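Numbering (our numbering), first residue to last: 16 to 116.
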């Protein structure tokens, strides 16, 4: 067994391995989102302020990001939500992520 005095080395090893991987995925996603925002601004046909205001950001996220970052997230979401349904399908999200890999 890998337990010594109730310390789980396997658990610690998993945390030490998975944490950098998750951080890498988050950073890559943010980089992709920033590139997508840049592309949207260059096109000049972004969503209206009223449309962006209709998106609700959960409190857990709004406290973790700056207002400008949340605005960028909303713009990207609006860009990907072509039908203005307030949702993004897995297919659309997967296609957007694969464009920036």
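In this text, a Cβ means the ideal position worked out from N, Cα and C, and glycines have one as well. Because the structure is a prediction, the values reported are computed rather than measured.
Sequence-distant residues of its chain with Cβ nearer than 6 Å to residue i (five each side left out)
i: residue 51; result: 91
Residue i burial status per 10 Å Cβ neighbour count (16 or more: buried)
i: residue 89; result: buried
i: residue 93; result: buried
i: residue 48; result: buried
8 Å Cβ shell around residue i - same chain, five flanking residues per side excluded
i: residue 67; result: 86, 89, 90 and 93
Integer-rounded CB distance, given that residue j should sit under 8 Å from residue i
i: residue 95; j: residue 82; result: At roughly 21 Å, the Cβ-Cβ gap does not stay under 8 Å, so residue 95 and residue 82 are not in contact.
CA-to-CA distance, residue j to residue i, given in whole angstroms
i: residue 35; j: residue 26; result: 15 Å
i: residue 31; j: residue 37; result: 11 Å
i: residue 62; j: residue 80; result: 21 Å
i: residue 77; j: residue 28; result: 32 Å
i: residue 44; j: residue 53; result: 14 Å
i: residue 114; j: residue 70; result: 24 Å
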